[in-house]
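One structure below.
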Amino acid sequence: MHILLSSPGTRRFLFQDKSSDFPEAHLWYSTQEVVQALWLFLDAGNDLRGSLTYRYDLVDLTRQVLSKLANQVYRDAMIAFRRKDARALNLHGQKFLQIIKDIDVLLASDDNFLLGTWLESAKKLAADPSDMKLYEWNARTQVTMWYDTTTTNQSQLHDYANKFWSGLLEDYYLPRASTYFGHLTKSLEENKNFKLTEWRKEWIAFSNKWQADTKIYPVKAKGDALAIAKALFYPNYLPSHVCLKQLPPKCRTGMAPSWIYK
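FYI, the UniProt record's numbering numbers position 190 of the sequence shown as 190, with every residue one higher than the one before it.
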């Protein structure tokens, strides 16, 4: 999920068709095929759930599917903003924020997707408390926004090394996205242009504060990755984005709630 938000209409994707007035995610693979692959992965879960490599791939694949959904939800939110539809903007904005929360819970179920592991590894290299604080600040800065910023202009390397890690999504990207949608809503309520500078001031200040923080994050996974992936994939996201008839026959047998077949 490219949660790299900028001004409305200049949404930044990793791959972008610059010929379009409305930037779109330019993917090198079929989203439908990725969804089909996840369905098969979930189908094999009862047999393979004890495998650490299966769990890793399951978490990684599920977060990829959810991130593509987030892209679509974001586009829907931008359409609502341009149409000055505050109700729809709020609806899509809240859904976008919920997806971030959901992905964070998913990532927390595997040891390989934890912010805490990264931070604690950096701190262990320190010889004294002063170095420990410095090393943690550097570790936090590297995966968020590098430090050539002003109060109104973010670093050219913001999100340069961003990661899908539990803790980073919930405590860094979620508040940032919430602030972004808050400013969008305010611009509609006041019938004024989106105040890009004001939003940048707020999230740059937030980034600086987060980088200097010393909150301790878990280094051990929690939750059942397979159960979480199923809970997020089946009832919440599949029906409105996938036609079951397009999936391979094996994927359709005894897997989904009956209402998905309608």
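All C-beta atoms, glycine included, are put in the ideal place defined by N, C-alpha and C.
Only a predicted model underlies this, so the values are computations on that prediction, with no experimental measurement involved.
Under a Cβ-count criterion, where at least 16 other Cβ atoms within 10 Å of its own Cβ denotes burial, should residue i be classed as buried or exposed?
{"i": "Arg63", "result": "buried"}
{"i": "Leu169", "result": "buried"}
{"i": "Thr117", "result": "buried"}
{"i": "Lys68", "result": "buried"}
{"i": "Arg55", "result": "buried"}
{"i": "Gly167", "result": "buried"}
{"i": "Ser130", "result": "exposed"}
{"i": "Arg140", "result": "buried"}
{"i": "Asp128", "result": "exposed"}
{"i": "Gly50", "result": "exposed"}
{"i": "Ala229", "result": "buried"}
{"i": "Asp159", "result": "buried"}
{"i": "Ala212", "result": "exposed"}
{"i": "Ser240", "result": "Note that Ser240 scores a pLDDT of 49, beneath 50, so its modelled location is shaky and nothing firm can be said."}
{"i": "Phe22", "result": "Only weak support exists for where Phe22 lies, its pLDDT of 37 falling under 50; the coordinates are left without a value."}
{"i": "Leu52", "result": "exposed"}
{"i": "Leu125", "result": "exposed"}
So which of the options has the shortest CA-CA distance to residue i?
{"i": "Thr31", "options": "Ala70, Thr117, Gln98 and Trp146", "result": "Ala70"}
{"i": "Phe181", "options": "Arg140, Val35, Glu202 and Asn162", "result": "Glu202"}
{"i": "Phe164", "options": "Val105, Glu198 and Lys186", "result": "Val105"}
{"i": "Gly223", "options": "Asp159, Phe113, Phe41 and Trp199", "result": "Phe113"}
{"i": "Ala161", "options": "Leu115, Leu91, Asn46 and Ala37", "result": "Leu115"}
{"i": "Thr150", "options": "Leu61, Asn191 and Thr197", "result": "Thr197"}
{"i": "Pro175", "options": "Leu125, Met132, Gln98 and Glu190", "result": "Gln98"}
{"i": "Tyr217", "options": "Asp60, Ala108 and Leu52", "result": "Ala108"}
{"i": "Glu33", "options": "Leu61, Leu52, Asp57 and Leu188", "result": "Leu61"}
{"i": "residue 278", "options": "Arg75, Lys123 and Leu48", "result": "With the chain represented from 1 up to 262, any question about residue 278 goes unanswered, as that position is not in the structure."}
{"i": "Asn138", "options": "Ser207, Gly93, Thr179 and Asp47", "result": "Ser207"}
{"i": "Glu189", "options": "Arg87, Trp39, Pro235 and Gly93", "result": "Arg87"}
Hey, residue i and residue j are a contact pair by Cβ (cut 8 Å); roughly how many whole angstroms apart?
{"i": "Thr214", "j": "Glu136", "result": "6 Å"}
{"i": "Ala205", "j": "Asp110", "result": "So it is not a contact: roughly 32 Å between Cβ atoms."}
{"i": "Leu177", "j": "Ile100", "result": "It should be pointed out that residue 177 corresponds to Ala in this sequence rather than to Leu. That belief holds up - the Cβ atoms of Ala177 and Ile100 are roughly 6 Å apart, short of 8 Å."}
{"i": "Leu66", "j": "Leu232", "result": "7 Å"}
{"i": "Trp210", "j": "Tyr172", "result": "6 Å"}
{"i": "Thr185", "j": "Leu58", "result": "Between Leu58 and Thr185 the Cβ distance is about 36 Å, and since that is not below 8 Å, they are no contact."}
{"i": "Tyr74", "j": "Phe96", "result": "6 Å"}
Start and end of the alpha helix (DSSP H) containing residue i?
{"i": "Tyr173", "result": "Where Tyr173 is concerned, there is no enclosing alpha helix (DSSP H), given that its DSSP letter is neither H nor E."}
{"i": "Asn112", "result": "No alpha helix (DSSP H) holds Asn112; DSSP gives it neither H nor E."}
{"i": "Leu169", "result": "No alpha helix (DSSP H) holds Leu169; DSSP gives it neither H nor E."}
{"i": "Asn162", "result": "Unbroken run through Asn162: none, as it is neither H nor E."}
{"i": "His92", "result": "Ala86 to Leu107"}
{"i": "Val65", "result": "Leu52 to Arg82"}
{"i": "Gly223", "result": "That residue, Gly223, is in no alpha helix (DSSP H); it is neither H nor E in DSSP."}
{"i": "Gln36", "result": "Thr31 to Asp43"}
{"i": "Phe233", "result": "Neither: Phe233 is in no alpha helix (DSSP H) and is coded neither H nor E."}
{"i": "Glu198", "result": "Leu196 to Ala212"}
{"i": "Asp131", "result": "Pro129 to Gln142"}
Touching or not, the region 73-84 and the region 127-144, by the rule of three or more beta carbon pairs under 8 Å?
no
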